[in-house]
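In our numbering, the protein residues as written are 296 to 609.
For every residue, glycine included, the Cβ atom is placed at its ideal position computed from N, Cα and C.
Here's the structure we're looking at; comments come further down.
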Amino acid sequence: MSVLTSQKIASYYERYKEIDVTFTKEIIQVTGLITQQVLLKCVGDFWPCVIYSSSFQGAKVVANIKSGLTEKLQQANNSVSLRLCFKSADSASPVTFFVTARVAGYSPYGGSSDTALFTLLFTQRPPDDLIEIMGRILDANINSTKRKDERVLLTADSIRKLKVMSKDTAAFIEKVPRRCILRDLSFSGAKIIMMGVAKFLVDRETALRLDFEDPRESFLVRGKFIRAETVEGRKELIALAITFDEGVIPMGYKVRLNDFLSVVRADNRGDAAQAQDEHNQAEAAISKLKEDSAKAKAEKNAAPEAPAEDAVIK
């Protein structure tokens, strides 16, 4: 788990506490949820369950009702604990925690008389680990729309911080890989340099391969070439702008780009704050000089003038 400040955790909680996230296959992969380790605990016993969705205020899980769970719920006055387990990028040990809840109700699931969908209401704020895991996804999803055109120029520094494996990659055209070089990335698209003729490429569909490390991930992002520009001094090369298909942009890519942009914005705010502080100090120093000058002038005006030499009584 990355280390977020308590202020950031609190911000995630307040902004996104009511939003439900459905645990699709992609969300399970991005969060690192270990599905076999998701359990309901009630009166000391455990029941395997499938988490269907979750917010910071509650969750929905699917469980077998023919295993004595409903009887235990009656004994416990519907009090349960939801055990969640996620892979950790920082260690070999998974992140495991319990969230206390009460069962608000349940209904048959999938047309089966053996399984039911249980609605859980958390009885207290969930652990920070859950807020961080879910908050990063929610934040990335919202910012991918709000800041979709905010571009990241791929310099040596941004490549290192984004953990892009290499600027050298491939754009697939009709399933045939074409070698290209990444110039910039955004939530909504990318710019690449490759060999080719502009009129034969613009408006054609493509899939851009993006490779990252720590952890190692590869994404194939579908889109379309929308614009071409010449590369000065290189007639055989063209710069192509790609717009991604918004409906299929991988969530893992959104999270990585949002994490990077969040750090950059925080650094910029820090630089701006430092510059503002230096400006305030300079203004304070100038004000002090003005005050001292005004004070000295006032003292001079208040003091009696020295008599002229010919007016002095000898």
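Proximity below 9 Å, CB of residue i to CB of residue j
i, j, result
"residue 533", "residue 488", "yes"
"residue 502", "residue 492", "no"
"residue 429", "residue 351", "yes"
"residue 335", "residue 364", "yes"
"residue 403", "residue 411", "yes"
"residue 553", "residue 467", "no"
"residue 433", "residue 307", "yes"
"residue 504", "residue 464", "yes"
"residue 418", "residue 400", "no"
"residue 358", "residue 342", "yes"
Local Cβ density within 10 Å of residue i, reported as buried at 16 or more and exposed below that
i, result
"residue 340", "exposed"
"residue 360", "buried"
"residue 566", "Bear in mind that a pLDDT of 45 at residue 566, under 50, signals an unreliable position, so the number given afterwards is only what the model happens to contain. Classification of residue 566: exposed, given that the 10 Å Cβ count is below 16."
"residue 431", "buried"
"residue 595", "With a pLDDT of 49 at residue 595, under the threshold of 50, the predicted position of this residue should be treated as unreliable, though the coordinate-derived value follows. Residue 595 should be labelled exposed."
"residue 486", "buried"
"residue 391", "exposed"
"residue 518", "buried"
"residue 328", "buried"
"residue 388", "exposed"
Simplified DSSP state of residue i, which is helix, strand or coil
i, result
"residue 310", "helix"
"residue 363", "coil"
"residue 570", "At residue 570, the pLDDT of 44 sits below 50, so the modelled position is not reliable and the matter cannot be decided from this model."
"residue 390", "strand"
"residue 551", "helix"
"residue 541", "helix"
"residue 560", "helix"
"residue 495", "helix"
"residue 330", "helix"
Cutoff 9 Å: residue i Cβ touching any chain C Cβ
i, result
"residue 363", "Absent from the structure is chain C; it holds one protein chain and no more."
Range covered by the beta strand (DSSP E) that runs through residue i
i, result
"residue 429", "Here residue 429 belongs to no beta strand (DSSP E); instead the alpha helix (DSSP H) covers 423-441."
"residue 300", "Premise fails: residue 300 is in no beta strand (DSSP E) and is neither H nor E."
"residue 451", "Note, residue 451: premise wrong, no beta strand (DSSP E); alpha helix (DSSP H) at 451-457."
"residue 417", "407-417"
For residue i, the residue or residues it bridges with in DSSP
i, result
"residue 535", "487 and 523"
"residue 346", "356"
"residue 468", "471"
Closer than 8 Å: residue i CB and nearest the ligand FAD heavy atom
i, result
"residue 345", "Looking for the ligand FAD in the displayed structure turns up nothing, as the structure carries no ligands at all."
For residue i, the first and last residue of its enclosing alpha helix (DSSP H)
i, result
"residue 631", "The requested residue 631 does not occur in the structure, where the chain is confined to residues 296 to 609."
"residue 320", "320-326"
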